[in-house]
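So the structure is just underneath, and the comments pick up after that.
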Amino acid sequence: MGDVHGHRDVLAQLLREAGLVDAAARWSGADARVFLHAQLTVDESWAISAEGDGRFNPKVLLGAGVTLYAAWVTGTVLGVAFGDVIGDPSTWGLDAAFPALFLALLVPQLRDRRAVGATAVGAAIAIVLTPFTPAGVPIIAASLACLLGLGKRDETPPEEAGR
Amino acid sequence: MNATWTVVVVVSVVTIAIKGLGPMLLGGRPLPPRMSAVVALLAPALLAALVAVNTLGGDRELVVDARLPGVLAAAVAIKLKAPVLIVVIVAALVTAGVRALTG
Chain G
0 MGDVHGHRDV
10 LAQLLREAGL
20 VDAAARWSGA
30 DARVFLHAQL
40 TVDESWAISA
50 EGDGRFNPKV
60 LLGAGVTLYA
70 AWVTGTVLGV
80 AFGDVIGDPS
90 TWGLDAAFPA
100 LFLALLVPQL
110 RDRRAVGATA
120 VGAAIAIVLT
130 PFTPAGVPII
140 AASLACLLGL
150 GKRDETPPEE
160 AGR
Chain L
0 MNATWTVVVV
10 VSVVTIAIKG
20 LGPMLLGGRP
30 LPPRMSAVVA
40 LLAPALLAAL
50 VAVNTLGGDR
60 ELVVDARLPG
70 VLAAAVAIKL
80 KAPVLIVVIV
90 AALVTAGVRA
100 LTG
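Each protein sequence line maps, in turn, to chains G and L. Just so we're aligned: the first sequence equals residues 0 to 162 in numbering that gives the first Met the number 0. Just so we're aligned: the second sequence equals residues 0 to 102 in numbering that gives the first Met the number 0.
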């Protein structure tokens, strides 16, 4: 197939047949497959495919990633062609659409107290740093909140319990 | 235009390489349990930061503007089990409405 646009189902089917999607829900494909699969791992596809225990559903990741790619390319083309018609996007409240989307992705992640804690700490880090650092740094720094997971002892295998 | 496309191609290749090499080199191996616990918290931590920065972030400052009521409305929509698309539209509409009203 030559063009992804309008052929999302076909592409997904092809990728599925190519073995990109593993029934065991694990990153166990050949190197080239993993390399390609990784290209579809972006914020949204990653968040939506998270199963909450550090595992990810590759089928959801693939479907969401391909959909996003098609939507982005199409949207970019439309924006280049017709963007001036819209004028200032903030007039349409589009700048609130992004945090709303991320919030909608966040809520299903709040499966336990630890996730709620990571959410609170992550948001706090980002807000505190925003006035003092260049854009992007607050987000990256907020990822440190995931270290709360190190406190998780209940699933530690016996051989590690003594450390 | 030539320089532009050179940049596009170079950045594309580097980005694709960076994105692909990590999973390629590390993939296929199960993570140790403690690492899994850390990775599991990456999503909520990063998403929370994205919500916070996109709602309140300005140019090196915190700004309370029409985005906040939009995101709060989105939270209500999520609470009411609205689909993601509706949530996003609600946020945009409320923010646009508040902007229109407050000039």
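Backbone N, C-alpha and C fix where the C-beta goes; we use that ideal spot for every residue, glycine too. Given the structure is predicted, the values throughout are model-derived calculations rather than measurements.
Determine, for residue i, whether the minimum Cβ-Cβ distance to residues of chain G falls below 7 Å.
i	result
residue 41 (chain L)	yes
residue 84 (chain L)	no
residue 102 (chain L)	no
residue 50 (chain L)	yes
residue 17 (chain L)	no
residue 71 (chain L)	no
residue 79 (chain L)	no
residue 53 (chain L)	yes
residue 2 (chain L)	no
residue 37 (chain L)	yes
residue 87 (chain L)	yes
Go ahead and label residue i buried or exposed: buried means 16 or more other beta carbons lie within 10 angstroms of its beta carbon, across all protein chains shown.
i	result
residue 138 (chain G)	buried
residue 130 (chain G)	exposed
residue 149 (chain G)	exposed
residue 45 (chain G)	buried
residue 22 (chain G)	For residue 22 (chain G), the predicted structure reports a pLDDT of 42, less than 50, and the residue's modelled location is therefore unreliable. A value from the coordinates is still provided. Residue 22 (chain G) should be labelled exposed.
residue 142 (chain G)	buried
residue 77 (chain G)	exposed
residue 162 (chain G)	The pLDDT assigned to residue 162 (chain G) is 40, lower than 50, so where the model puts this residue is not dependable, and the model offers no usable value.
residue 98 (chain L)	buried
residue 124 (chain G)	buried
residue 53 (chain L)	buried
residue 136 (chain G)	exposed
residue 115 (chain L)	Lying before the first or after the last residue shown, residue 115 (chain L) is absent from chain L, which here runs from 0 to 102.
residue 46 (chain L)	buried
Indicate the three-state DSSP secondary structure (helix, strand or coil) for residue i in the structure shown.
i	result
residue 55 (chain G)	strand
residue 49 (chain G)	strand
residue 79 (chain L)	coil
residue 61 (chain L)	strand
residue 69 (chain L)	helix
residue 86 (chain G)	coil
residue 135 (chain G)	coil
residue 56 (chain L)	strand
residue 179 (chain G)	Residue 179 (chain G) lies beyond the stretch modelled for chain G, which goes from 0 to 162, so this question has no answer here.
residue 111 (chain G)	coil
residue 41 (chain G)	coil
residue 28 (chain L)	coil
residue 130 (chain G)	coil
Suppose you measure from the CA of residue i to the CA of residue j; what does that come to, to the nearest Å?
i	j	result
residue 165 (chain G)	residue 22 (chain L)	There is no way to answer for residue 165 (chain G), as the model of chain G reaches only from 0 to 162.
residue 66 (chain G)	residue 72 (chain G)	10 Å
residue 29 (chain L)	residue 54 (chain G)	10 Å
residue 58 (chain L)	residue 94 (chain L)	19 Å
residue 61 (chain L)	residue 126 (chain G)	8 Å
residue 114 (chain G)	residue 32 (chain G)	31 Å
residue 52 (chain G)	residue 41 (chain L)	11 Å
residue 35 (chain L)	residue 64 (chain G)	22 Å
residue 69 (chain L)	residue 85 (chain L)	12 Å
residue 87 (chain G)	residue 64 (chain L)	16 Å
Could you check whether the Cβ of residue i sits closer than 6 Å to any heavy atom belonging to the ligand FAD?
i	result
residue 124 (chain G)	Summarising the ligand content, the structure contains no ligands, and the ligand FAD is consequently not present.
Are any of the Cβ atoms in chain L nearer than 7 Å to that of residue i?
i	result
residue 137 (chain G)	yes
residue 71 (chain G)	no
residue 100 (chain G)	yes
- Sufficient close CB pairs (3 or more, under 8 Å) joining the region 85 to 104 of chain G to the region 72 to 89 of chain L: yes
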